[in-house]
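*Asks:* I am attaching a structure below and will ask some questions about it afterwards.
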Amino acid sequence: MDILVNAIVLVFDAQVLIGILGGTILGLIMGSLPGLTAAMAIALLIPLTFGLTPIVGMGVLLGAFCGAIAGGAVPALLLNIPGTPSSVCTTLDGFPMVRNGRAGEALGLAVASSFLGGVLGALFLMLLAPPIASFALAFGPAEFFALGVFGIVIIASVSSGSILRGIAAGILGLGLSTVGSDPMTGVLRFTAGEAALITGIGLLPALIGLFAVSQVFKDFAERAGLPAAPQRGHQSASARVPWAALLRGWKVISVSTIIGVIVGAIPGAGGSISSFLSYDQAKRMSKTPEKFGTGHSEGVIASETANNATAGGALIPMLTLGVPGEVATAVLMGGLTIQGLRPGPGLFEQQTVLFYGILVAFLLANVVMFLTQLLGIRVFIRILQVPPRLLMPLILMFCAIGVYGVNGSIFELWLMLGFGILGFFLSRYEFGTAPVILGLILGGLMESNLRRGLLVFDGDWTQFVLRPIAAAILVLAALFLGTVIVQNRKSVPDTAVE
Amino acid sequence: MISGRIAFNIFLLAIASAGVVKARQLPDFGQIGPGDFPMWIAGLGVIVLLCILLQDVRQLVNDNVVNETTVTRFQALGLGLIVLMLAAYITGLEWLGFLPSTGIFLFLAAIISTWMLDPPKQTQEWHRLAAFSALYAAIATGASYYAFTKGFGLVFP
């Protein structure tokens, strides 16, 4: 108890609070610009923390981390352009809500869900870090492979309507994940002699191309030559948190938080996977699953709660084991190291007050993120009032900056354009683009763990189904797949995906 | 004229088939070689895409319905222009650098977007539009450059 009190006193210092506020605002801005991810926000802020004390530096970086993940929802909702990979799922119901004139409600839901997921995830972190870390440690190649298979089933599930097309898009993503140097042998696959493809197809150019660039192309194709549509009146008065909808969605919030924390604690899993898993679960629990994909509030709640809870979950292996939970926490570890701290069991034993101080700072960053976003909702809505003829070129420019800014690669800009054209046609012919991203993320996870597992198990395939956690995940996947097929047979065939 | 939907299905099917062929040419190593996983995925893709193609052809033959919105020539032209402009922007980034290529891109994109989405009705309005687009491009380019280089330390071409 004394340690917690000392940690709170450590954090409630003017410099730390200013650091958290500044980091959160910068993170929100970066996360809300298409192409600029949480990892990039943290990477850009690390040099600014050089001269700061460890707790102030960590406050800035954790604020940026929370802010960027929450900020990714803004363009996802308003423009159908996820600001970060973990906001991809938010577009499925969030953008239709905005199109139906409910932008204020959508933003309010996203802000509050992010806050609840982040705070609950932070509380989980404080109370349950050691046992969750032990569970995450039990994940080996068989378990990761099973998680990948589960993810493939989710693709079928979120492709409401045309499952076959959704699966085809997912397979396309899986196929694209094999481009580059083979992870086990180094053999080059499908690179066509292009040196830039040796490291494979980057997630960022694919994400930005498939969502942002293709959305701009789609908007031009839909609106060109038609009389300019009057700007739909999104009343800023409606830009507030719909507490009643949140209360009704308490089950979704609870389940999504748990999924987010657990998936976040699994190294390499990330917010994209947890948000899709939560979305799928929310759909199953819903009394109106057919409304998912058309602007259902629970779809937004599930996705945003999970991806912010994942942030807390991802800190668990990072702080307790020195293993990053996902890309942004890997960069965050760099920040910790620069501050002279060594994440892992040693941090907890030797600097316990600082350890808990970091957790309290993370909790506080979520509160600051919530308050900042509440104030910002009415400003965000004004984005919709910018004429499309001015907004779209700006979006394309930010996309180019975002993609170029990470690796300085012109080739990735060409990839972005290529994916933009591909995404346009995938959307037009109802294949969907979210399954491609999920396939791209899962492909590497599945193949490397399948092959690693066979090496570890001396070629014994049965280990993939006999290990308890892996078996449980595969059984769940089979049950889910069965449910999806039965539900699909009952519903009207061949309605649009997205 | 062939339906765009079916043409796209055939395109994806061709990619999947090529994937199977290329994957089979990769060397074998151990129980699962570098070509095995891509071959299984591409093979699965071929099967799924054949089912989709069959579904769409059947729908076209039976119902004579094509489930897609038609794109007018004007829309196709505008779309083509935006794609070309983005390609030119990327080329310009490499050869001219960030500031000139972004400024030119934003200026031209604003004019083309206005022409496509909300064209002015009088010549005078076009002159005003050009002036406004130039100002918009200059401000947006300058603000972005300053924010990302001085603020965040990014290095642009």
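Chains as they are written, first to last, in the working numbering: chain A, 1 to 498; chain B, 1 to 157. Quick reminder that beta carbons are idealized off the backbone N, C-alpha and C, glycines included.
Is there a C-beta anywhere in chain B that falls below 8 Å from the one on Gly408 (chain A)?
*Replies:* For the purposes of this step, residue 408 (chain A) is identified with residue 408 of the first sequence, where counting begins at 1. By this cut-off, Gly408 (chain A) is an interface position.
*Asks:* Just the C-alpha distance for Ser409 (chain A) and Val403 (chain A), rounded to the nearest angstrom, thanks.
*Replies:* Residue 409 (chain A) sits at position 409 when you count from the first residue of the first sequence. Residue 403 (chain A) sits at position 403 when you count from the first residue of the first sequence. Roughly 8 Å separates the two Cα atoms.
*Asks:* State yes or no: is the beta carbon of Ile171 (chain A) nearer than 8 Å to at least one beta carbon in chain E?
*Replies:* Protein chains in the displayed structure are A and B, and chain E is not among them.
*Asks:* What does the alpha-carbon distance come out to for the pair Ala212 (chain A) and Gly83 (chain A)?
*Replies:* On the first sequence, position 212 is the one that residue 212 (chain A) refers to. On the first sequence, position 83 is the one that residue 83 (chain A) refers to. In a straight line, the C-alpha of Ala212 (chain A) is about 9 Å away from that of Gly83 (chain A).
*Asks:* Is there at least one Cβ from chain B nearer than 8 Å to Val187 (chain A)'s Cβ?
*Replies:* Here residue 187 (chain A) is taken as the residue at index 187 of the first sequence, counted from 1. Chain B, which has a Cβ nearer than 8 Å to the Cβ of Val187 (chain A), makes this yes.
*Asks:* Near Val255 (chain A), which residues of its chain fall below 6 Å by C-beta distance, leaving aside the five closest residues on each side in sequence?
*Replies:* In the first sequence, counting from the first residue as 1, residue 255 (chain A) sits at position 255. For Val255 (chain A), where only same-chain residues beyond five positions count, the Cβ hits under 6 Å are Gln281.
*Asks:* On the premise that Val261 (chain A) lies in contact with Ser113 (chain A), defined as a C-beta separation below 8 Å, what is that separation, rounded to the nearest angstrom?
*Replies:* Against the first sequence, residue 113 (chain A) aligns to sequence position 113. Against the first sequence, residue 261 (chain A) aligns to sequence position 261. Contact flag wrong, Cβ pair sits at about 15 Å.
*Asks:* Between the alpha carbons of Asp118 (chain B) and Tyr136 (chain B), how many angstroms are there, rounded?
*Replies:* For this step, residue 118 (chain B) is matched to residue 118 along the second sequence. For this step, residue 136 (chain B) is matched to residue 136 along the second sequence. Their Cα atoms are separated by approximately 17 Å.
*Asks:* Assess, as a yes-or-no matter, whether the stretch 92 to 109 of chain A is touched by the stretch 55 to 63 of chain A under the definition of 3 or more beta carbon pairs within less than 8 Å.
*Replies:* No, the stretch 55 to 63 of chain A is not in contact with the stretch 92 to 109 of chain A.
*Asks:* My output table needs one value for Gly142 (chain B): the three-state DSSP class, helix, strand or coil.
*Replies:* Locating residue 142 (chain B) in the second sequence gives position 142, where the first residue counts as 1. DSSP places Gly142 (chain B) in helix when its eight states are reduced to three.
*Asks:* Using the beta-carbon of each residue, which ones in chain A are nearer than 9 Å to Lys22 (chain B)?
*Replies:* On the second sequence, residue 22 (chain B) is found 22 positions in, with the first residue counted as 1. Residues of chain A passing the Cβ test: Arg189, Phe190.
*Asks:* For Glu94 (chain B), go through chain A and note every residue whose CB falls closer than 8 Å to its CB, in chain order.
*Replies:* Residue mapping note: residue 94 (chain B) aligns to position 94 of the second sequence, counting from 1. Chain A residues near Glu94 (chain B): Ile410.
*Asks:* Ends of the alpha helix (DSSP H) at Trp115 (chain B)?
*Replies:* Mapped onto the second sequence, residue 115 (chain B) falls at position 115. Start and end: 98 to 117.
*Asks:* Does the distance from the C-beta atom of Thr37 (chain A) to that of Ala14 (chain A) stay below 8 Å?
*Replies:* Translated into positions along the first sequence, residue 37 (chain A) becomes position 37. Translated into positions along the first sequence, residue 14 (chain A) becomes position 14. It is not a contact, given that the beta carbons lie outside the stated cut-off.
*Asks:* Three or more C-beta pairs under 8 Å: does that hold for the stretch 132 to 151 of chain A against the stretch 441 to 459 of chain A?
*Replies:* The stretch 132 to 151 of chain A, when compared against the stretch 441 to 459 of chain A, does touch it at the 8 Å Cβ threshold.
*Asks:* Please work out which residues of its chain come closer than 7 Å, Cβ to Cβ, to Met126 (chain A), disregarding the five sequence neighbours upstream and downstream, and give them in chain order.
*Replies:* Position 126 of the first sequence, counted from the start, is the residue given in the question as residue 126 (chain A). Leu359.
*Asks:* Pick helix, strand or coil for Ser181 (chain A), following the three-state DSSP scheme.
*Replies:* Here residue 181 (chain A) corresponds to residue number 181 of the first sequence, with the count starting at 1. Residue state, collapsed to three classes: strand.
*Asks:* Between the Cα of Ala400 (chain A) and those of B:Asp63, B:Val20, B:Thr102, spot the shortest distance and give me the residue it belongs to.
*Replies:* Counting from one through the first sequence, the residue named residue 400 (chain A) turns up at place 400. Comparing Cα-Cα distances from Ala400 (chain A) to each of B:Asp63, B:Val20, B:Thr102, the minimum goes to B:Thr102.
*Asks:* Report yes or no: is there a C-beta of chain B within less than 8 Å of the C-beta of Asp182 (chain A)?
*Replies:* Residue 182 (chain A) sits at position 182 when you count from the first residue of the first sequence. It does; some Cβ of chain B falls within 8 Å.
*Asks:* What does DSSP give as the partner residue(s) for Arg189 (chain A) in the beta ladder?
*Replies:* Working through the first sequence from its first residue, we reach residue 189 (chain A) at position 189. Answer is A:Gly180, bridged to Arg189 (chain A).
*Asks:* For chain B, find out if any of its Cβ atoms is closer than 8 Å to the Cβ of Ile499 (chain A); answer yes or no.
*Replies:* Coverage of chain A is limited to positions 1 through 498, which leaves residue 499 (chain A) absent and any answer about it impossible.
*Asks:* Inspect the CB distances between the stretch 38 to 45 of chain A and the stretch 330 to 337 of chain A and report whether three or more fall short of 8 Å.
*Replies:* Flag = yes, the stretch 38 to 45 of chain A and the stretch 330 to 337 of chain A touch.
*Asks:* Quick check on the DSSP output: what are the complete alpha helix (DSSP H) runs of length 4 or more inside the stretch 310 to 372 of chain A, in order along the chain?
*Replies:* Runs of the alpha helix (DSSP H) inside the stretch 310 to 372 of chain A: 327 to 338, 345 to 350.
*Asks:* What is the DSSP secondary structure of Asp2 (chain A), reduced to helix, strand or coil?
*Replies:* For the purposes of this step, residue 2 (chain A) is taken as the residue at position 2 of the first sequence. Note: Asp2 (chain A) maps to helix in three-state DSSP.
*Asks:* Can you pull the chain A residues whose beta carbon is under 7 Å from the beta carbon of Val71 (chain B), in chain order?
*Replies:* As a first step, residue 71 (chain B) is located in the second sequence; it is residue number 71 there, counting from the start. The contacting residues are Ala221.
*Asks:* In its own chain, which residues sit with a C-beta less than 8 Å from the C-beta of Ser17 (chain B), not counting the 5 before and 5 after it?
*Replies:* Here the question's residue 17 (chain B) lines up with position 17 in the second sequence. Same-chain partners within the cutoff: Ala42, Val46.
*Asks:* If the criterion is Cβ atoms closer than 8 Å, does the pair Pro34 (chain B) and Leu26 (chain B) meet it?
*Replies:* As a working note, residue 34 (chain B) is residue 34 in the second sequence. As a working note, residue 26 (chain B) is residue 26 in the second sequence. It is a contact, given that the beta carbons lie within the stated cut-off.
*Asks:* Using a Cβ-Cβ cutoff of less than 6 Å, which residues in the same chain neighbour Met392 (chain A) once the five nearest sequence positions on both sides are dropped?
*Replies:* In the first sequence, residue 392 (chain A) corresponds to position 392, counting from 1. Around Met392 (chain A): Val216.
*Asks:* Could you give the distance in angstroms between the alpha-carbon of Gly200 (chain A) and the alpha-carbon of Gly443 (chain A)?
*Replies:* Residue numbering aside, residue 200 (chain A) sits at position 200 when the first sequence is read from its first letter. Residue numbering aside, residue 443 (chain A) sits at position 443 when the first sequence is read from its first letter. Distance between the alpha carbons of Gly200 (chain A) and Gly443 (chain A) is about 12 Å.
*Asks:* Rounded to whole angstroms, what's the CA-CA distance from Gly72 (chain A) to Gly459 (chain A)? Just pull it up for me.
*Replies:* Reading the first sequence from its first residue, position 72 is the one you call residue 72 (chain A). Reading the first sequence from its first residue, position 459 is the one you call residue 459 (chain A). Taking the straight line from one Cα to the other gives about 42 Å.
*Asks:* So for Gln25 (chain B), helix, strand or coil by DSSP?
*Replies:* As a position in the second sequence, residue 25 (chain B) is number 25, starting the count at 1. Gln25 (chain B) falls in the coil class under three-state DSSP.
*Asks:* Can you list the residues of chain A that Arg128 (chain B) reaches, using a CB-CB cut of under 8 Å?
*Replies:* One-based indexing of the second sequence puts residue 128 (chain B) at position 128. Ordered by position in chain A, no residue passes the 8 Å Cβ test against Arg128 (chain B), which lies about 14 Å from the chain.
*Asks:* Do you know how far the Cα of Val21 (chain B) is from the Cα of Leu84 (chain B)?
*Replies:* Taking the first residue of the second sequence as position 1, residue 84 (chain B) is located at position 84. Taking the first residue of the second sequence as position 1, residue 21 (chain B) is located at position 21. So the two alpha carbons sit approximately 32 Å from each other.
*Asks:* Does the beta-carbon distance from Met97 (chain A) to Gly249 (chain A) come in below 8 Å?
*Replies:* Here residue 97 (chain A) refers to the residue found at position 97 of the first sequence. Here residue 249 (chain A) refers to the residue found at position 249 of the first sequence. No, they are not a contact pair.
*Asks:* Name the chain A residues that come within less than 8 Å of Ser113 (chain B), Cβ to Cβ?
*Replies:* Here residue 113 (chain B) refers to the residue found at position 113 when the second sequence is read from its first residue. By Cβ distance, chain A contributes Phe220, Pro388, Arg389, Leu390, Met392, Pro393.
*Asks:* By a C-beta neighbour count over all protein chains shown, 10 Å radius and 16 as the cutoff for buried, is Phe50 (chain A) buried or exposed?
*Replies:* Within the first sequence, residue 50 (chain A) is the residue found at index 50, counting from 1. Flag for Phe50 (chain A) reads exposed.
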